[in-house]
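**Student:**
Numbering (the working numbering), first residue to last: 12 to 183.
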C-alpha cells in the first residue's frame, strides 16, 4: 500500500530528526540549521525513494500481468491473453505504443520458453496467432517496423532451433 509506505518513510524521517535534535539540539540556531539540513537532504532521499518504490511497484505489476497473459496463451488462446494484457496495461495508464511493446515482449518471452522446451509446434502457433492479432482497426500487433523485425527474429529462432534438433537427432 503506497500510503503505508509513505507513512513509514515519514515516521523514519521524524525519528532521524528527533535523534539529531537529541544529540545536537539545545541551541535555537543549531536546531534551525538541523531542520534546514534535514529538510534539504532527507526530503530529497524521501522523494527519490518514494519514486523508486512506485516505479518498482509498477514494473512488478506489469510483470505479473505479462505472466498471467502468457498463462492464458496456453489455456485460453493467444488473443485472449493479449486482450487481457492490453486491458490491464491500459488500466495502469500505459500508452497504446507502450502496451504494444509489452505485448510483443510477452509473446517473445513465451516463444522463448516454448523453444527451450522443444515445443516447436506450439511456438509456431503462438507466432501465427500473435502475427494475426489486431490491436484496432487494421493495425496488427507485429505490423510496425519494430514488430516486423521482432517477428522475423522469432521465426528465425524457431527455424534455427528446429534445425539444431534435426542435426542432433540425425547424429544419434
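Even glycine gets a Cβ: it sits at the ideal position worked out from N, Cα and C. Predicted, not measured: the structure shown is a model, and the values here were computed from it.
1) Thinking C-beta only, is residue 122 closer than 8 Å to residue 100?
2) With a CB to CB cut of under 7 Å and the five nearest residues on each side skipped, what residues in its chain are close to residue 165?
3) Quick check: does the Cβ of residue 96 come within less than 7 Å of any heavy atom belonging to the ligand NAP?
4) Short check: CB of residue 176 to CB of residue 132, under 8 Å?
5) Can you tell me whether residue 145 is helix, strand or coil according to DSSP?
6) Measuring only the C-alpha atoms, how far is residue 124 from residue 173?
7) Are the CB atoms of residue 90 and residue 146 within a distance shorter than 8 Å?
8) Which of the three DSSP states, helix, strand or coil, is assigned to residue 130?
**Tutor:** Let me lay it out:
1) no
2) 119, 122 and 138
3) The ligand NAP is absent from the structure shown, which contains no ligand whatsoever.
4) no
5) strand
6) 14 Å
7) no
8) coil
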